[in-house]
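Visitor: Questions regarding the structure given below will be posed in turn.
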Amino acid sequence: MNALTTPQNGQIAHLTAFDIMMNPEIMDRFERIAGVMASSKFAVPKHLQGNTGDCLAIIMQSAQWQMDPFAVAQKTHQINGVLGYEAQLVNAVITNRAPITGRLNFEWYGDWNKINGKEDKSWDKGIKVWATLKGETTPREIDISMGQVGGIRNSPLWGSDPRQQLAYLAIKRWSRLYTPDVILGVYTPDEIVEREELDVTPVQSTVKKHQGANGLKAQMAERGQSQETVIDMAPEFNTSALLAQITDTKTLEELKALAATFPTDLGEPAQTDIKNAYGWQKFYLQLIVDIEDAADVETINIVMGERFEPNSSSLSDAQIDNINSIYERKAAELTA
């Protein structure tokens, strides 16, 4: 039997996380299982041993997916204080739980011979993924090229089997766009690292760790100096830091203010990278404004159908999740 076989439990099969938390009997049962799970020495990874809270979270998630929590636990990692799920597991969940007729379909295009999946940024190699939602007749499709893959490619599969890894990514993007509820709040290790990189300074500290209070003060002073360098556009300009700042802007006004500090003498490819990042962030923030300002459901459906869906492959998973969340809230407000 497959390691991810779904348990036959009719009582839990269709419950949401909220339903589970509001049911004292189920929560009591899950808490007892979490205690057993956390006390295990070999059945769960080290980051879950003695950690009842995270074990409970995995049990609740497994119940919604109708999967064995011990099998799910083996497919998790702790990265930068965040619990991440392996791409293999996430894609198994999407394949089995998404409300589609049949299965997901794949079509790769381009020449995949001698490709360096860790670094390739070409636009002529990619994959199309499509499936038909239940109750519909027209397939929903997404197209992702290697040029649209982010810079975080930590999985060894990017080097050994980039076609497979791109398929994993495309399935996640497809689900976040068309069936976001299936994996809402669930991220793979690459996605977690990608999110964390927005919050750290890329300049490496020259101060050794574990030097007590003086060492900590020196590290903080060095960090402040490096951040000031980015803001003041010092000669040793760090493009990665600026790209992170662009992605981290929350309003069009904030993005416009940041754009006024952009240097114009960086050369390529830095200049193009900054221009593209600015363009897509402006597109994303404008989408939020237009959805929030919509006066009726028809207007937000037009925004989603004509602007969001055709361009979603160029947005990050977190941005797609946020747009879907805003859309659902706004639609509920307009139909209340």
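In UniProt numbering, the protein residues as written are 1 to 336. All C-beta atoms, glycine included, are put in the ideal place defined by N, C-alpha and C.
With DSSP run on the structure shown, which of helix, strand or coil describes Asn324?
Guide: helix
Visitor: Give every residue of the same chain whose Cβ lies closer than 8 Å to the Cβ of Gln319, excluding the five residues on either side of it in the sequence, and list them in chain order.
Guide: Tyr284
Visitor: Taking the alpha carbon of Ser240 as the reference point, which residue from Trp123, Lys250 and Phe262 has its own alpha carbon closest?
Guide: Phe262
Visitor: List the DSSP bridge partners of Glu141.
Guide: Trp130
Visitor: Looking at Asn105: is its Cβ nearer than 8 Å to the Cβ of Ala131?
Guide: Yes, these two residues count as a Cβ contact at 8 Å.
Visitor: For Arg103, does the three-state DSSP call read helix, strand or coil?
Guide: strand
Visitor: Roughly how many angstroms separate the alpha carbons of Asn311 and Ile142, rounded to a whole number?
Guide: 9 Å
Visitor: Would the region 159-177 count as touching the region 97-117 if we require 3 or more Cβ pairs under 8 Å?
Guide: yes
Visitor: Based on the DSSP secondary-structure assignment, which residues constitute the bridge partners of Thr76?
Guide: Tyr85
Visitor: Could you check what DSSP says for Trp112 in three-state terms: helix, strand or coil?
Guide: coil
Visitor: In terms of residue numbering, what span does the alpha helix (DSSP H) encompassing Leu49 cover?
Guide: For clarity, residue 49 is Gln in the given sequence; the question names Leu instead. It is not in any alpha helix (DSSP H) - Gln49 carries neither H nor E in the DSSP assignment.
Visitor: Leaving out the 5 sequence neighbours to the left and right, which residues in its chain are closer than 6 Å to Asp290 when beta-carbon positions are compared?
Guide: Val303
Visitor: Exposed or buried, which one is Ala167 when buried takes at least 16 other CB atoms within 10 Å?
Guide: Counting Cβ neighbours within 10 Å, Ala167 comes out buried, since at least 16 surround it.
Visitor: Whole alpha helix (DSSP H) runs in the region 241-293 with 4 or more residues, listed along the chain?
Guide: Counting whole runs of 4 or more residues, the region 241-293 contains the alpha helix (DSSP H) stretches 252-259 and 270-293.
Visitor: Measuring straight from C-alpha to C-alpha, what distance separates Gly135 and Gln61?
Guide: 27 Å
Visitor: Skipping 5 residues on each side, what residues in its chain have a beta carbon closer than 8 Å to that of residue 342?
Guide: Look at the range of the chain in this structure, 1 to 336, and you will see that residue 342 is not part of it.
Visitor: Mapping the DSSP letters down to three states, classify Leu177 as helix, strand or coil.
Guide: Residue state, collapsed to three classes: helix.
Visitor: Taking Ile183 as part of the alpha helix (DSSP H), name the residues at either end of that continuous run.
Guide: No alpha helix (DSSP H) holds Ile183; DSSP gives it neither H nor E.
Visitor: Just how far apart, CA to CA, sit Gln227 and Lys275?
Guide: Bear in mind that the predicted position of Gln227 carries a pLDDT of just 43, short of 50, making it unreliable; the figure below should be weighed with that in mind. Computed Cα separation, rounded: 21 Å.
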